[in-house]
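Everything in the sequence shown is counted per this note's numbering, starting at 47 for the first residue and increasing by one. All C-beta atoms in this analysis are idealised placements derived from N, C-alpha and C, irrespective of residue type, glycine included. None of these values were measured; they are calculated from a predicted model. Structure first, then comments.
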Amino acid sequence: MSSIKDPTLADQGRMNLEIAEKRMGALMKVRERFSKEKPFEGLTIGLALHVTKETGVLVRTLRDGGAKVAITGCNPLSTQDDVAAALAEEESIEVWGYKGESSEDYYKFLNEVALTTPQITIDDGCDLVTLIHQKYPEQLPDIIGGCEETTTGIIRLHAMQKDGALKIPMVAVNDNKTKHLMDNYYGTGQSTFDGILRSTNILIAGKTVVVVGYGSCGKGVSMRAKGLGANVLVTEVDNFAALQAGMDGHRVMKMEDAAQLGDIFVTVTGNKHVIRTEHINKMKDSVILANSGHFDNEIDMQGLEEMSASKRRVRHYLDEYVQKDGRVIYVAGEGRLVNLASAEGHPSEVMSLSFCGQALACEYLVKNKGNLPCDVVTLPSEIDDEISALQLNAMDLEIDELTEEQVKYLASWEEGT
Ligand SMILES: NC(=O)c1ccc[n+]([C@@H]2O[C@H](COP(=O)([O-])OP(=O)(O)OC[C@H]3O[C@@H](n4cnc5c(N)ncnc54)[C@H](O)[C@@H]3O)[C@@H](O)[C@H]2O)c1
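As C-alpha cells, then:
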C-alpha cells in the first residue's frame with residue numbers, strides 16, 4: 047500500500063513525467079526493448095532513489111520490463127509529491143515518500159521497500175542495501191544483486207566489501223563513464239546553481255564562489271560558476287585534483303583562507319564536516335552555504351546551529367543564522383543536496399544517461415544471475431558504450447566509423463615515423 051502526501055497532485059505528476067519522457071530518448075529506447083523482451087518478469091525491484099520525474103521514467107521502464115517496483119526516496123527533502131502521486135496510481139508500482147518527511151518516516155519507508163523482498167535493489171547512497179544486510183539478512187540469498195547510483199554509496203560498498211560484510215553482487219553504476227563524467231559533471235554543475243538561485247535569486251557574476259572538492263561534481267560546479275562570471279576558489283585534500291583545479295585556472299588554497307574570501311560556498315566532497323565552525327567564524331557577513339554532496343554532514347550544521355544566536359527561514363529553503371557578532375550566515379537547502387532540496391535535481395537529459403545505466407545494470411544482473419562475485423562490480427565497457435550510442439542517437443548526432451585501413455593501423459606496431 048503506497049504512502050504519499052496528496053493523491054490530488056497526480057495530474058501534475060503525469061504531466062511532468064510526460065515532459066521528462068520527451069527529454070529522455072535514450073532511456074525510452076531501452077523501455078521499448080524491455081516492453082517486448084520482459085527481462086524482469088516475475089521479479090520485484092526495490093528502489094531507494096530521489097523520487098523525481100526522471101526516476102519516475104526509470105520506474106515505468108522497469109515495470110514495462112515485467113517487474114513489480116517498490117520505491118522510496120533516498121533523502122527526506124528530494125521527493126516530488128506530484129510525481130509520487132502519479133506513480134502510486136499506476137499498476138505494479140508502490141511508492142512511499144513525501145517531501146520533508148521525518149527521519150522516522152524515512153526509515154519506516156525504507157523498511158516498507160525491504161519488506162517487499164526485492165530480488166534486485168537500486169540505491170542512491172546505499173541505505174537500502176545496508177538496511178537489508180543489517181536487519182533482513184535472511185533475504186540476502188534470494189537477492190540477485192543490487193545497483194548503486196552515487197559516489198558516496200560506492201564508498202560505503204567498498205567499506206562493506208573490505209569488512210567481508212557484502213553478501214550480494216553490487217553494480218557500481220556511478221563508475222560508468224556515462225554516469226560520473228556526465229551526471230556528476232554536467233548535472234551537478236547546472237542543478238547546484240538551479241538550487242542556489244531558487245533559494246537566493248542572487249547574482250553569481252562578480253561573486254567569489256568557493257568549491258570544496260574538485261572531483262567529478264566539483265569540476266562541473268566550478269565550470270558553471272566560472273561561466274556565470276564568478277571568481278572560483280577551490281579547496282582540496284588530494285594533490286592531483288588540486289593540480290587539475292589550478293591548471294583549469296581556479297585559485298587553490300586552504301579552507302581556512304578561502305573562508306575569509308568566499309561569498310558562496312559549495313561542498314561536493316562526499317566527506318564529513320568539510321566546513322566547520324572554525325571556518326564559519328572567519329566568514330564575511332551574508333555568505334551563502336550550500337551542499338551538493340550526498341549527505342547533509344558536509345557542513346557542520348549542528349555546530350552552526352549551536353554557535354548561532356538565532357535562526358529563521360527567510361525564503362524558499364533559505365535559512366538565516368544570525369551570529370553573536372551580528373554577522374548573518376545563510377544556508378540553502380538545509381545543508382542537504384541543494385539541487386534536490388531547493389530545486390528539482392538534475393535535468394532529464396543527463397538523468398537519461400544515468401538511468402540507462404541503472405536499467406541495463408538490472409538486466410546485466412539477471413543475465414548473469416549466480417555468476418557474479420559478492421563484490422562491487424563494474425558494467426562491461428560495451429554497455430557503457432551502448433549508452434553513449436543511445437544518447438547520441440537521441441540527440442540526433444552521428445559519428446564516423448573507422449575504415450578498414452584504420453582498424454588495421456590501430457592494431458599494428460610495424461608502421462612508425
Ligand atoms: N547533488 C547531486 O545530485 C549529486 C550527484 C552526483 C554525486 N553527488 C555526490 O557528490 C559527492 C561528490 O561526488 P564526486 O563524484 O564529485 O566525488 P569524487 O570522489 O570524484 O570527488 C570528491 C573530491 O572531494 C575531495 N575531498 C575530500 N575531502 C575533502 C576535504 N576535506 N576538503 C576538500 N576536498 C575534499 C576529494 O579529494 C575528491 O577530489 C558525493 O557525495 C556524491 O555522492 C551528488
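### Query
The alpha helix (DSSP H) spanning K154 covers which residue range?
S149 to A160
### Task
Flag this pair as yes or no: are the beta carbons of V283 and S268 separated by less than 8 Å?
No, the pair does not count as a contact, with Cβ atoms beyond the cut-off.
### Collapsed DSSP secondary structure at T315 in the structure displayed
In the structure shown, T315 sits in coil (DSSP, three-state: anything other than H, G, I, E or B).
### Task
Pull up the CB-CB distance for H340 and T198, whole angstroms please, since I reckon it's below 8 Å.
4 Å
### Task
Report the rounded CA-to-CA distance for C120 versus E450, giving the unit in angstroms.
Approximately 49 Å, taken between the alpha carbons.
### Message
Spatial neighbours of V320 within its chain, please: C-beta separation below 6 Å, excluding the five flanking residues on both sides.
### Response
V258, T313 and E344
### Query
Which partner residues of L383 appear in the DSSP bridge assignment?
N337
### Query
Among L289, H296 and A378, which residue has its Cα nearest to the Cα of A389?
A378
### Message
Please classify N247 as buried or exposed, where buried requires at least 16 neighbouring CB atoms within 10 angstroms.
### Response
exposed
### Task
May I ask whether a heavy atom of ligand 1 can be found less than 7 Å away from the beta carbon of D229?
Yes, the Cβ of D229 comes within 7 Å of a heavy atom of ligand 1.
### Query
For W459, is the classification buried or exposed, using 16 other Cβ atoms within 10 angstroms of its Cβ as the cut-off for buried?
exposed
### Query
Is the beta carbon of Y232 sitting closer than 8 Å to the one on G266?
yes
#### Entry: Identity of the residue in Y182, D346, M397 and I91 nearest Q165 by Cα
I91
### Query
Start and end of the beta strand (DSSP E) containing S400?
Here S400 belongs to no beta strand (DSSP E); instead the alpha helix (DSSP H) covers S394 to K413.
### Task
Quick one: give me the first and last residue of the beta strand (DSSP E) that M216 is part of.
M216 to A218
#### Entry: Limits of the unbroken alpha helix (DSSP H) element including A113
Run containing A113: none; DSSP gives neither H nor E here.
### Message
Any heavy atom of ligand 1 closer than 7 Å to the beta-carbon of D430?
### Response
Shortest gap from the CB of D430 to any heavy atom of ligand 1: 7 Å or more.
### Query
Going by the CB atoms, is the gap between T234 and N385 shorter than 8 Å?
With contacts defined as CB atoms closer than 8 Å, N385 and T234 qualify as a contacting pair.
### Message
So the candidates are E195, K272, N337 and H362; which of them puts its Cα closest to the Cα of S245?
### Response
H362
### Query
How should P122 be labelled, buried or exposed, when 16 other C-beta atoms within 10 angstroms of its C-beta is the threshold for buried?
buried
### Query
Taking the C-alpha atoms as reference points, what is the distance between H325 and N337?
15 Å
### Task
May I have the straight-line CA-CA distance separating G252 from L243, to the nearest angstrom?
Using only the alpha carbons, I get a separation of about 15 Å.
### Message
So, does the stretch 96 to 110 touch the stretch 395 to 410, judging by three or more C-beta pairs under 8 Å?
### Response
Three or more Cβ pairs drawn from the stretch 96 to 110 and the stretch 395 to 410 lie within less than 8 Å of each other, which places the two stretches in contact.
### Message
Let's see if you can read the secondary structure: which residues bound the alpha helix (DSSP H) around I201?
### Response
First-last of the alpha helix (DSSP H) with I201: T197 to K208.
#### Entry: CB of L411 within 8 Å of CB of I429, strictly
no
### Task
Go to K181, then tell me how far its alpha helix (DSSP H) extends in each direction, as first and last residue.
D173 to K181
### Query
Leaving out five residues before and five after K84 in sequence, what residues of the same chain have Cβ atoms less than 7 Å from its Cβ?
G111 and G112
### Query
D309 lies in the alpha helix (DSSP H); which residues open and close that run?
First-last for D309: undefined, no H or E at that position.
### Query
With H392 and D128 assumed to form a contact (beta carbons below 8 Å), what rounded beta-carbon distance in angstroms separates them?
Going by Cβ atoms, the distance from H392 to D128 rounds to 18 Å, so no, they are not a contact pair.
### Query
What are the partner residues of I321, as DSSP defines its beta bridges?
Its beta-bridge partners are I345.
### Task
Report yes if the C-beta of G372 is less than 7 Å from at least one heavy atom of ligand 1; otherwise report no.
no
### Message
G261 and A291 - do their beta-carbons sit closer together than 8 Å?
### Response
no
### Message
Let me check you understand the geometry: is the CB of T167 closer than 7 Å to at least one non-hydrogen atom of ligand 1?
### Response
no
### Query
With DSSP run on the structure shown, which of helix, strand or coil describes V278?
Strand at V278.
### Task
Would you check if the distance between the CB atom of D170 and the CB atom of H96 is smaller than 8 Å?
yes
### Query
Relative to the C-alpha of V422, which residue among I214, Q369, K330 and E395 is closest?
I214
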